[in-house]
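Report on the structure given below.
Residue numbers (the numbering used here): 5 to 269.
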């Protein structure tokens with residue numbers, strides 16, 4: 005398992021295949037193994053790199069509290085360490101926020117974006133801010149995730165259920181609760197709101213959305229589509245991870261996009 009050293013800590017990642025680069029980024033309390041089947045399929049044509057965020061999977065926890073903005077900073081450092089350019093970055097949930105931030109900060113490193121029920125475009129209200137503040141307590145994570153994970157996963161496949169079980173197991177640990185709480189506290193930070201910056205995203209973007217997710221509304225995905233000028237939007241009858249619920253359907257949309265933006269000379 006390769007490791008990358010950044011100023012924000014050590015990142016574990018997988019690296020398979022050769023060719024144009026695809027980077028895979030996961031959600032809070034998830035890990036890179038969410039993408040095992042995706043990576044296996046794409047590695048036939050591409051170099052596929054799947055990252056464990058700090059404090060997730062095989063990556064140790066960072067010295068400072070995690071936040072959405074910190075993950076975006078870590079991603080910038082990671083692609084610099086690996087000298088990646090012209091990559092398609094696939095980001096699920098908070099991974100989608102980090103992917104967009106990279107496209108804004110270092111557009112030469114991003115050939116395209118695939119956002120999967122991504123964050124950063126939430127219309128904040130007093131109620132949603134209060135919910136994030138509540139979720140910012142580790143004790144709340146332990147209690148609420150038992151109901152929250154089924155709500156957003158909407159598991160229908162064996163892979164869905166495996167992912168949900170891993171997330172719930174992490175939420176039962178002290179480290180997992182602290183990690184999730186720290187990230188949830190950070191979500192309403194103005195620096196994590198991409199809406200005012202969306203016009204600066206010039207990378208071709210494919211937005212894929214699991215419409216049965218009960219935590220991230222499809223209307224937010226459509227708003228993301230309208231905000232990013234060069235974007236397409238596709239809904240799936242799935243939960244938060246269309247690529248584990250409907251792998252072939254999701255690949256059927258994503259692979260033509262990759263072919264277009266990563267076309268070899």
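Built from N, CA and C at the ideal position, the CB exists for glycine as well. On a predicted model such as this, the values are computed, not experimentally measured, just so you know.
Query raised in the report: Any contact of the stretch 157-166 with the stretch 79-93, i.e. 3+ C-beta pairs under 8 Å?
Result: no
Query - According to DSSP, residues forming a beta bridge with residue 236 - result: Sequence index remark: in the chain shown, residue 236 carries index 232 (1-based). Residue 236 is bridged to 210.
Query raised in the report: Between 229, 249, 248, 145, which lies nearest to residue 203 when the distance is taken from Cα to Cα?
Result: As a first step, residue 203 must be located in the chain shown, where it is residue number 199. Checking every option, the nearest Cα to that of residue 203 belongs to 229.
Query raised in the report: Helix, strand or coil: which one does DSSP assign to residue 269?
Result: Your numbering for residue 269 matches position 265 in the chain shown. Note that residue 269 has pLDDT 41, beneath the 50 cutoff, so the model's placement of it is unreliable and the number below is only indicative. If DSSP states are grouped into helix, strand and coil, residue 269 belongs with coil.
Query raised in the report: Can residue 217 and residue 121 be called in contact, C-beta distance under 7 Å?
Result: Residue mapping note: residue 217 aligns to position 213 of the chain shown, counting from 1. Residue mapping note: residue 121 aligns to position 117 of the chain shown, counting from 1. Closer than 7 Å, so yes.
Requested in this report: Give the straight-line distance between the Cα atoms of residue 70 and residue 176, rounded to the nearest whole angstrom.
Outcome: Position 66 of the chain shown, counting from 1, holds the residue named residue 70. Position 172 of the chain shown, counting from 1, holds the residue named residue 176. Roughly 18 Å between the two C-alpha positions.
Query - Span separating the alpha-carbon of residue 205 from that of residue 59 - result: Mapped onto the chain shown, residue 205 falls at position 201. Mapped onto the chain shown, residue 59 falls at position 55. Taking the straight line from one Cα to the other gives about 28 Å.
Report task. For residue 178, count neighbouring C-beta atoms within 10 Å of its own C-beta (all shown protein chains included) and say buried if the count is 16 or more, exposed if not. Result -> For the purposes of this step, residue 178 is taken as residue 174 along the chain shown, with counting starting at 1. Per the 10 Å Cβ criterion, exposed.
Query raised in the report: Taking C-alpha atoms, which residue in 146, 147, 219, 104 lies nearest to residue 158?
Result: Numbered from 1 along the chain shown, position 154 holds the residue referred to as residue 158. The option with the nearest alpha carbon to residue 158 is 219.
Requested in this report: Quick one: using the 10 Å Cβ neighbour count with 16 as the cut-off for buried, is residue 75 buried or exposed?
Outcome: Mapped onto the chain shown, residue 75 falls at position 71. Label assigned to residue 75: buried.
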